[in-house]
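If you're matching them up, the sequences are chains U and L in order. The opening position of the first sequence corresponds to residue 3 in the working numbering, with each subsequent residue numbered one higher. The opening position of the second sequence corresponds to residue 195 in the working numbering, with each subsequent residue numbered one higher. For glycine and all other residues, C-beta sits at the position ideal for the given N, C-alpha and C. Small disclaimer: the values here were computed from a predicted structure and weren't measured. Structure record follows, encoded as structure tokens.
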Amino acid sequence: EAEVAQSPRYKITEKSQAVAFWCDPISGHATLYWYRQILGQGPELLVQFQDESVVDDSQLPKDRFSAERLKGVDSTLKIQPAELGDSAMYLCASSTGTGWDTQYFGPGTRLTVL
Amino acid sequence: GENVEQHPSTLSVQEGDSAVIKCTYSDSASNYFPWYKQELGKRPQLIIDIRSNVGEKKDQRIAVTLNKTAKHFSLHITETQPEDSAVYFCAASTSGTYKYIFGTGTRLKVLA
């Protein structure tokens, strides 16, 4: 069964450093999502792509976060500079982008900022 | 904006008992309601979903009910087992946007 892949699984960094996370969606899925999940809370959407285009980035802190999906397949989320409050789980999900659309999640990257 | 409230935040039940988790949504245009289970350190996984054209859906020990008038939906787990212990998230979505709004989660503990 195809799954969403993410790397790294864990990342520890110091504040003010740059970090990057990678996501490979299920093959053929047009829509890709990046979520941030703080411990004890539900996932919060950061950015949504339809193919290579950003559909929604209203909750993305654009002064420090950026995301790209250049060829409409895999995607990278970057934080620069990282802050203590960025410590969280970063989840990637993908969906077909048509009809009743189930999102399938990757295993996530747990970021710790020291 | 759209908001989804989920209750309770924690729930402990004895093995074999039933568990009910409730969610309320604010956007009347929402028409798709998935439920995810997230075990410790693992990815959220879809366990059941319901669309606004039906009031109830069942899959073995799991069922979801939807009341569109009241804008709430519930997850029912019967004959709970220790492996049901996890965090459960509800979500609401509107077709065409493909955007989910998640609830805050319910930590279910099934006591043996």
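Beta-bridge partners of residue i, as assigned by DSSP
i: residue 2(U); result: Since the first residue of chain U shown is 3 and the last is 116, residue 2(U) is not available in this structure.
i: residue 254(L); result: For residue 254(L), which the question treats as bridged, DSSP gives no partner whatsoever.
i: residue 261(L); result: 266(L)
i: residue 241(L); result: Paired residue(s): none; residue 241(L) is not in a bridge.
i: residue 17(U); result: The partner list for residue 17(U) (beta bridge, DSSP) is empty, contrary to what the question assumes.
i: residue 38(U); result: 46(U) and 92(U)
7 Å Cβ cutoff met for residue i and residue j
i: residue 71(U); j: residue 81(U); result: no
i: residue 111(U); j: residue 17(U); result: no
i: residue 28(U); j: residue 57(U); result: no
i: residue 210(L); j: residue 277(L); result: no
Spatial neighbours of residue i in its chain, beta-carbon cut-off 7 Å, leaving aside the 5 residues before and after
i: residue 232(L); result: 238, 280, 281 and 283
i: residue 242(L); result: 229, 251, 253, 256 and 258
Residues near residue i by beta carbon distance below 6 Å, same chain, minus five either side
i: residue 105(U); result: 95 and 97
i: residue 9(U); result: 24
i: residue 201(L); result: 216
Chain-order list of residues whose beta-carbon lies under 8 Å from that of residue i (same chain, five-residue window excluded)
i: residue 293(L); result: 287
Below-7 Å beta-carbon distance, residue i vs any chain C residue
i: residue 26(U); result: Of the chains in the structure shown, none is chain C; the protein chains are U and L.
Taking beta-carbon pairs under 9 Å, can you tell me which members of the stretch 224-246 of chain L lie near chain U? So the close ones are 225, 226, 228, 230, 232, 235, 236, 237, 238, 239, 240, 243 and 245.
Check whether the stretch 26-36 of chain U touches the stretch 48-60 of chain U, counting contact only when three or more Cβ pairs, one atom from each stretch, lie closer than 8 Å. With a cut-off of 8 Å, the stretch 48-60 of chain U and the stretch 26-36 of chain U count as touching, because enough Cβ pairs lie within range.
In chain order, what residues of the stretch 275-297 of chain L put their CB closer than 7 Å to some CB of chain U? Going along the stretch 275-297 of chain L in chain order, one finds 283, 289, 292, 293, 294, 296 and 297 with a Cβ nearer than 7 Å to chain U.
Using a Cβ-Cβ cut-off of less than 7 Å, list which residues of the stretch 100-116 of chain U approach chain L; keep chain order. Listed in sequence order: 102, 103, 104, 105, 107, 108, 109 and 110.
Give the residues from the stretch 50-66 of chain U that approach chain L closer than 7 Å (Cβ to any Cβ), ordered along the chain. So the close ones are 50 and 58.
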